[in-house]
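S.K.: Going by our numbering, the first residue of the sequence shown is number 7, and it counts up by one from there. Ideal Cβ positions, reconstructed from N, Cα and C, are used throughout, including at glycine. Once you've had a glance at the structure underneath, I'll fire off some questions.
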Amino acid sequence: MRHYTSSYWLGLRRKIVATAEKGSPEIKERLANVLVKLGSAQAKHGTLVELLLSFPMFYSAAEIRGDKSAQEQYSSSLAFTSTLVHLNLGISSFAWPIRSLVIDSTRLATKNEVAFYQLFTDEAMPAELLQLLRK
């Protein structure tokens, strides 16, 4: 059995680039809209992995549209999310000493993994990311 989770984006990216290079302006706009919808569907689950996978889609849509400002915003959100992933690796063995904190943190981690890991960083969540998570 082949594992496609790491390679599906690469295959999709090749098709996106080919369409963006050869497509008409209307096709490019449709492609950008599809990427935004796909990224939004991916991001709304609130997990770090899904959020990380959504940013390349948003970035590609902004790139196709030539929107440099949006590209910078998605880059900063991706950097913040990457920071949370590194925290995840360090916190995975962390245990709260008080039972009520364990219960509260478990509920928060289940409801919104991004918010849970943000508890362990001093970095502010980018406004674009907050807006995305609220949708």
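1) Measuring straight from C-alpha to C-alpha, what distance separates H51 and A26?
2) Would L138 and A67 qualify as a contact pair, given that the criterion is a beta-carbon distance under 7 Å?
3) Since V42 and F64 should fall inside the 8 Å C-beta cutoff, what is the C-beta to C-beta distance between them, to a whole number of angstroms?
4) L90 and L58 - do their beta-carbons sit closer together than 7 Å?
5) Where are the alpha helix (DSSP H) runs, 4 residues long or more, that stay fully inside the region 15-57, in chain order?
6) So is V23 buried or exposed if we call it buried at 16+ other beta carbons inside 10 Å?
7) I need the DSSP call for L136, collapsed to helix, strand or coil.
8) Is any beta-carbon of chain B found at less than 7 Å from that of A24?
9) Does DSSP put M7 in a helix, a strand or coil?
10) What does the Cβ neighbour count give for A133, buried or exposed, with the cut at 16 atoms within 10 Å?
11) Distance check for L44 and E129, CA to CA, integer angstroms please.
M.R.: To lay it out plainly:
1) As a working note, residue 51 is residue 45 in the sequence shown. As a working note, residue 26 is residue 20 in the sequence shown. In this structure, the alpha-carbon of H51 lies about 28 Å from that of A26.
2) Within the sequence shown, residue 138 is the residue found at index 132, counting from 1. Within the sequence shown, residue 67 is the residue found at index 61, counting from 1. No, these two residues do not count as a Cβ contact at 7 Å.
3) By one-based count along the sequence shown, residue 42 stands at place 36. By one-based count along the sequence shown, residue 64 stands at place 58. Your pair V42 and F64 checks out as a contact, with CB atoms roughly 7 Å apart and the cut at 8 Å.
4) The residue given as residue 58 occupies position 52 in the sequence shown. The residue given as residue 90 occupies position 84 in the sequence shown. The answer is no: Cβ separation not under 7 Å.
5) Those alpha helix (DSSP H) runs which fall completely within the region 15-57 and span 4+ residues are 31-49.
6) Residue 23 sits at position 17 when you count from the first residue of the sequence shown. V23 counts as exposed, since fewer than 16 other beta carbons sit within 10 angstroms of its beta carbon.
7) Residue mapping note: residue 136 aligns to position 130 of the sequence shown, counting from 1. In this structure, L136 counts as helix in the three-state DSSP scheme.
8) Protein chains in the displayed structure number just one, and chain B is not present.
9) Walking along the sequence shown from the start, residue 7 turns up at place 1. For M7, the predicted model reports a pLDDT of 35, less than 50, meaning its position is unreliable; a value from the coordinates is still stated below. For M7, the three-state secondary structure derived from DSSP is coil.
10) One-based indexing of the sequence shown puts residue 133 at position 127. With fewer than 16 other Cβ atoms within 10 Å, it is exposed.
11) For the purposes of this step, residue 129 is taken as the residue at position 123 of the sequence shown. For the purposes of this step, residue 44 is taken as the residue at position 38 of the sequence shown. Taking the straight line from one Cα to the other gives about 27 Å.
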